[in-house]
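Comments concern the structure below.
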Amino acid sequence: MAKIIAGIGTSHTPALGAAVDNGKTAEPYWVPLFKGYEPSKKWMAETAPDVAIVVYNDHVNAFDFKIIPTFALGCGAEFPIADEGWGARPVPVVKGYPELAAHMVQSLVLDEFDLTIVNEMQVDHGLTVPLSLLYGQPTAWPVRVIPLAVNVVQYPAPTGNRCYQLGKAIKKAVESWHEDLRVVIFGTGGMSHQIQGPRAGLINTPFDKAFLDGLTRDPERLARIPPLEYLRDAGAEAIELVMWLIMRGALGDDAREIYRFYHVPASSTGVGHIILEAA
Amino acid sequence: MSKKPEEFEDVPEYDDIPGTWVFDAQRARKGYHLNAFFYSLMKAENRAEFLADEPKYLEKFPITDAQRDAVLKRDWNALLELGGVSYAIVKLAFTDKKSYQHMASKMAGVTESDYVKMMLAGGRSPDGWRSKSERKA
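Residue numbers (the numbering used here), protein chains in the order written: chain B, 63 to 341; chain E, 710 to 846.
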């Protein structure tokens, strides 16, 4: 059977992708950030999962405002890279896993998670920056990817608890698939940040560190953080952290932290990263 | 018995967060065509056409006069207030060959270098910025 072996939480700040694409990772501003991901790249190379479910949000690229799905699962064979306004990132096309995605959709809908099925869509920095951080710059991504796009752009995003429960249903879906596959799940976005209005630049390091701690110590508490608390305490865009709870839910009750990294800033963001292994 | 107007809970709690326009369904409704304009800037040919004659390009979108003026003036906070969402608005900054950080510094009302310094020093503390009453105190 397929098994979710690990979860990866990471910010997906577009400036991190731009630093990789423009060869700036050795500049003093970026050195501490990319150094923080070196152990993760090594871990990923050694772990070499077959499939990555990447929970991310689209930033008005695949989805304009005609249709705003709360949860959308990418079921296509491949996903082209979006031009977000400055040209598409020079990264490989993302290859999907339509067979497993189709199975997940059926399992999830029957489990009462009525998600949107997307057969064709472009993917943006929300999905590709985490891949760059964990895989570097390969000519082809060495993993097949199932994108799960979550609406966090138009308020309200799904609640933390809804995301956590969806994660549990994803575990059940994956583990009822016949192939022996080693699957990892990414929860991306966050941590504290606000990129709008006179309050832009807000960072709340204690909030972020408590969130990282809670992923192993008390994920149920994290799942109860109300939307207003994210907005007020950690910035309007920190609501992206609900996506980490999908990842956490998919790991089962016990998860072991094997690596953590935190750094302020990348552009306007408190960058957090964690690797959790499922029991 | 019907409710009196003041008994309806239609003023959202997050309106109390200072310096922030939460992009909720009502704001999204008002900003629908404005955001469609930003979305159009994902195509290189549209970016070129817009930059060649901004007012003419904007005629394609049924936006309000206030929204049009805010685009032409790059009045970033007005764009938020009038229904733009930052992820879409930033496509206008990218079209101008500017960064997210540039746009954020303008919204915050500081120079880009001061903004970068603030971020390098750990960012803006939430203390004093959690609510409008706390902001005034």
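Beta carbons: idealized from backbone N, C-alpha and C, even for Gly.
- Taking every protein chain shown into account, the CB of S822(E) has fewer than 16 other CB atoms within 10 angstroms, so this residue is exposed.
- By the Cβ-count criterion, P152(B) is exposed, with fewer than 16 other Cβ atoms from all chains shown falling within 10 Å of its own Cβ.
- DSSP, read as helix, strand or coil, puts Y321(B) in strand.
- C-alpha of V236(B) to C-alpha of H165(B): approximately 8 Å in a straight line.
- Taking a beta-carbon distance threshold of 9 Å, F770(E) does not count as an interface residue toward chain B.
- In chain order, G276 place their CB closer than 6 Å to the CB of R283(B), counting only its own chain and leaving out the 5 sequence neighbours on each side.
- Taking all protein chains shown into account, N123(B) has 16 or more neighbouring C-beta atoms within 10 Å of its C-beta and is therefore buried.
- Short of 6 Å from the beta carbon of M63(B), and not among the five residues preceding or following it, lie these beta carbons of its own chain, in chain order: E237.
- In this structure, DSSP gives V191(B) a helical state, which the three-state scheme calls helix.
- Here N755(E) is actually not in contact with F127(B); their C-beta atoms are around 17 Å apart, not less than 8 Å.
- The C-alpha of Y809(E) lies about 44 Å from the C-alpha of H240(B).
- T278(B) places its beta carbon 9 Å or farther from that of T72(B).
- Every unbroken stretch of the alpha helix (DSSP H) spanning 4 or more residues and falling wholly within the stretch 784-846 of chain E is given here in chain order: 785-790, 795-804, 809-817, 821-829 and 841-845.
- R839(E) belongs to the set of residues whose beta carbon lies under 9 Å from a beta carbon in chain B.
- Under the 9 Å criterion on CB atoms, L791(E) is classed as non-interfacial with respect to chain B.
- Annotated three-state conformation of H255(B) is strand, per DSSP.
- Proximity of chain B to S795(E) at the Cβ level (cut-off 7 Å) is accounted for by I257 and Q258, in chain order.
- The criterion of a C-beta distance shorter than 9 Å is satisfied by A317(B) and G69(B).
- Within the stretch 741-756 of chain E, the residues whose Cβ lies closer than 8 Å to some Cβ of chain B are Y741, N744, A745, F747, Y748, L750, M751, K752, A753 and R756, listed in chain order.
- With contacts defined as CB atoms closer than 9 Å, G311(B) and Y217(B) fail to qualify as a contacting pair.
- Take H811(E), set aside five residues on each side of it, and the residues of its chain with a beta-carbon closer than 7 Å to its own are A802 and E821, in chain order.
- Sorting E161(B), A150(B) and P154(B) by C-alpha distance to the C-alpha of T201(B) places P154(B) at the top.
- In the structure shown, K86(B) adopts coil according to DSSP, grouped into three states.
- Among the bridge pairs identified by DSSP, P209(B) is matched with V116(B).
- F803(E) reaches chain B at E146, G147 and W148, counting residues in chain order whose Cβ is nearer than 8 Å.
- In the three-state reduction of the DSSP assignment, E763(E) falls in the helix class.
- Within the stretch 724-741 of chain E, those residues whose Cβ lies closer than 9 Å to any Cβ of chain B are, in chain order, D725, I726, P727, G728, T729, W730, V731, F732, D733, A734, R736, A737, G740 and Y741.
- Counting along the chain, I179(B) sits inside no alpha helix (DSSP H); it lies in the beta strand (DSSP E) bounded by residues T178 to V180.
- Proximity to D270(B) across K234(B), I287(B), G259(B) and A262(B) peaks at I287(B), based on C-alpha coordinates.
- Annotation for K65(B): the continuous beta strand (DSSP E) segment containing it runs K65 to T72.
- What R783(E) touches in chain B, judged by beta-carbon distance under 9 Å, is nothing: the nearest beta carbon there is about 15 Å away.
- For P76(B), the chain E residues whose Cβ falls inside 8 Å of its Cβ are Y809, in order along the chain.
- A direct Cα-Cα distance of roughly 20 Å separates E790(E) from A300(B).
- Pairing V180(B) with P131(B) gives a Cβ-Cβ distance under 9 Å.
- Put simply, the CB of V720(E) is far from chain B, with every gap to its CB atoms at 9 Å or more.
- When Cβ-Cβ separations below 9 Å define contact, V780(E) makes no contact with chain B.
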